Amino acid sequence: MSVVFERPSLWQRLRPVFSGFDLPLMLGLMVLAVLGMVTMYSAGFDHGTRFVDHGRNMLIAGLVLFAVAQISPQRLMQLAVPLYTLGVALLIATALFGITKKGATRWLNLGIVIQPSEILKLAMPLMLAWWFQKREGQLRTLDFIAAAGLLLLPVGLVVKQPDLGTAILILSGGLYVIFFAGLSWRLILPVVLAAAVGIGALVSFGDAICEPDVKWPLLRDYQKHRVCTLLDPSKDPLGKGFHIIQGMIAIGSGGLTGKGLMQGTQTHLEFIPERTTDFIFAAFAEEFGLLGVLTLIATFSFVLLRGLTIAAEAPTLFTRLLAGAITLSIFTYAMVNMGMVSGILPVVGIPLPFISYGGTAMTTLGLALGMLMSIARSRRLMQS
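Numbering (the working numbering), first residue to last: 1146 to 1529.
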């Protein structure tokens, strides 16, 4: 009697690799990718190889997402402490031996030039999610204080470089984890109220405190200038205010339906600075109008809701905290970029996810979304 073993087909061998992906999330990301490519074609077709490079960067981010999605959440948790330690060590090395450009020491030469602060965008939520997972069921006030210390160490090092935009992103990612871990509203509300009072005072007494001889504690002169320019861009219409003024003109001129693809005058007559990177939202709004902007915001909101759903359904505290922090961090990037281009927030150099040009930022985005997809996959594979 002979036994015949049927050889599995190629699809049967590859199916486990492709199974479990969250299709609604993938759909939302694909819509953002299409919007990004269309916008970059218009804004960057005459800007060297920006369009082709943007497509390459998006492809790399997609491959990174696919690869990271194969890593189990348990393995991601094992990487938390080493990645955080490596990131902090590189930040310290940057402070001691880093490369200085335009007054900022943000880069480190390790054979290739890297920006270590990028590592902390992912290492920070990973580390804090690991920290609270280890203390699940026995959380005390001291645990939240220790988490704040783990967060403020790298944030302080990045602020010192100085790189306020990246520091805000690292800080927000860590704060989201702490909030989802159960931080009491009694501690949150005083901070929110203090921030509201501070913003109100800034708006009310802006003219007085923006005088040249007034020094702001903890902030450098150029950072003070950014905030003061936000309050009144007309004070420096050909300098820092130029970015904000031209961005608002482009957004306003788009009207309801926009001027049409490749028809934006502010964009193609070179009035919008950094039209393929930080200020690409102005180019998008000019050509696609209010309806296009609402479509973009709706797509980001869909990804936000899907990510929070994945977080709510995640099986462990670590995966819930990590998924929630990653989702809100990506949404924060989008809202801060749109806010600064619209003249609502200071210009801090934060890209618009999927839309802005940038290889490092796109790769980091792929890593973050890969972790989110890994969490979604793990739950689906457990149920199957």
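Yeah, the Cβ is synthetic: ideal placement off N, Cα and C, and Gly gets one too.
Being a predicted model, the structure only gives us computed values, none of them experimental.
A1430 versus P1418: straight-line alpha-carbon distance, rounded: Using only the alpha carbons, I get a separation of about 15 angstroms.
Euclidean distance between Cα positions of G1437 and L1271: The alpha-carbon separation between G1437 and L1271 amounts to approximately 34 angstroms.
The beta strand (DSSP E) enclosing A1249, as first and last residue numbers: Where A1249 is concerned, the enclosing beta strand (DSSP E) stretches over 1249-1254.
Candidates V1336, T1464, E1432, L1473, of which the one nearest S1446 by Cα: Among V1336, T1464, E1432, L1473, the Cα nearest to that of S1446 belongs to L1473.
Check whether I1389 and Q1411 have beta carbons under 8 angstroms apart: The beta carbons of I1389 and Q1411 sit no closer together than 8 angstroms.
M1146, DSSP secondary structure in three states: Interpretation of M1146 is limited by its pLDDT of 48, a score under 50 that renders its predicted location unreliable; the figure taken from the coordinates is listed afterwards. Three-state result, M1146: coil.
Host beta strand (DSSP E) of I1244 (start-end): Start and end: 1244-1246.
Three-state secondary structure assigned by DSSP to V1258: V1258 falls in the strand class under three-state DSSP.
Completely contained alpha helix (DSSP H) runs for the stretch 1222-1246, where each covers 4 or more residues: You should have found no qualifying run.
Limits of the alpha helix (DSSP H) - the one that R1331 falls within: That run of the alpha helix (DSSP H) goes 1330-1349.
Beta carbon of T1184 nearer than 8 angstroms to that of I1500: For the pair T1184 and I1500, the CB atoms are nearer than the 8 angstroms cut-off.
Range of the contiguous alpha helix (DSSP H) that encloses S1187: Going by DSSP, S1187 is part of the alpha helix (DSSP H) stretching over 1168-1189.
Beta-carbon gap between T1422 and Y1321 smaller than 8 angstroms: Not a contact, by the Cβ cut-off of 8 angstroms.
Which listed residue (G1397, S1262, W1276) has its alpha carbon closest to that of A1234: Among G1397, S1262, W1276, the Cα nearest to that of A1234 is on S1262.
contact_flag[the stretch 1504-1519, the stretch 1202-1217] where n(CB pairs < 8 angstroms) is 3 or more: As far as the Cβ criterion goes, the stretch 1504-1519 touches the stretch 1202-1217, which means the pair count is three or higher.
Cβ neighbour criterion (16 or more within 10 Å) applied to Q1391: Buried is the label assigned to Q1391, since at least 16 other Cβ atoms lie within 10 Å of its Cβ.
Nonlocal neighbours in the same chain, by C-beta distance under 8 angstroms from L1236, ignoring five residues either side: Excluding the 5 residues flanking it on each side, L1236 has same chain C-beta neighbours closer than 8 angstroms at P1261, S1262, L1265, P1299, L1302, V1303, in chain order.
Buried versus exposed, by CB contacts within 10 Å (16 or more), R1524: The residue in question, R1524, is buried, as its Cβ has 16 or more Cβ neighbours within 10 Å.
Residues near A1178 by beta carbon distance below 7 angstroms, same chain, minus five either side: Scanning its chain for C-beta atoms nearer than 7 angstroms, with the 5 sequence neighbours on each side dropped, one finds around A1178 the residues M1203, F1499, in chain order.
Cβ contact (3+ pairs, closer than 8 angstroms) linking the stretch 1450-1468 and the stretch 1273-1284: At 8 angstroms Cβ cutoff, the stretches touch.
Same chain, Cβ closer than 6 angstroms to G1511, neighbours up to 5 away in sequence not counted: Here the set comprises A1206, V1209, L1210.
Every unbroken alpha helix (DSSP H) within the stretch 1280-1324, with a cutoff of 4 residues, ordered by chain: As for any alpha helix (DSSP H) of minimum length 4 sitting wholly inside the stretch 1280-1324, the runs are 1286-1304, ordered along the chain.
For K1279 and M1518, the rounded distance between their alpha carbons: Put simply, the backbone Cα of M1518 is about 23 angstroms away from that of K1279.
Selected residue, minimal CA-CA separation from F1426, among S1349, P1382, N1482, V1448: When only C-alpha atoms are compared, the closest one is N1482.
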